[in-house]
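Contents: one structure, followed by commentary.
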Amino acid sequence: MKLYAAQLLFRYRVERRKERRALCEARVIHLRASTPSRAISAAQRYGHKEAYSFVNAYGRRTHFIFVGLMELKDLTVSSAPAEV
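One point on numbering: in numbering that gives the first Met the number 0, the residue at position 5 of the sequence shown is 4, and numbering is uninterrupted.
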């Protein structure tokens, strides 16, 4: 099994609000998988599981949405010991 780092993108969306700019969150996770395609699948499953909704302080439903996988890096092939 190889060690991978996946950078995921999430977005906040508030219902009944016209957005000029989207508020986004980038998250890096570490995971182990035997192939890059399995690592991608595992990262996407993680992202979908992390999505949720809540009512904010103004009484509007807010959604935390998984947008997608931005980058996948195989950490077993780094060139320097401290490099990520």
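All C-beta atoms, glycine included, are put in the ideal place defined by N, C-alpha and C.
To which residues of the same chain is A42 closer than 6 Å at the C-beta, ignoring the five residues directly before and after it? A5, L68
E49 - DSSP class collapsed to helix/strand/coil: helix
If you draw a straight line from the alpha carbon of V76 to that of L22, how long is it in whole angstroms? 33 Å
Please go through the same chain and pick out, in chain order, the residues whose beta-carbon is closer than 8 Å to the beta-carbon of Y11, but skip the five residues on each side of it. A21, L22, C23, E24, T61, H62, F63, I64
Roughly how many whole angstroms lie between the Cα atoms of V13 and R59? 7 Å
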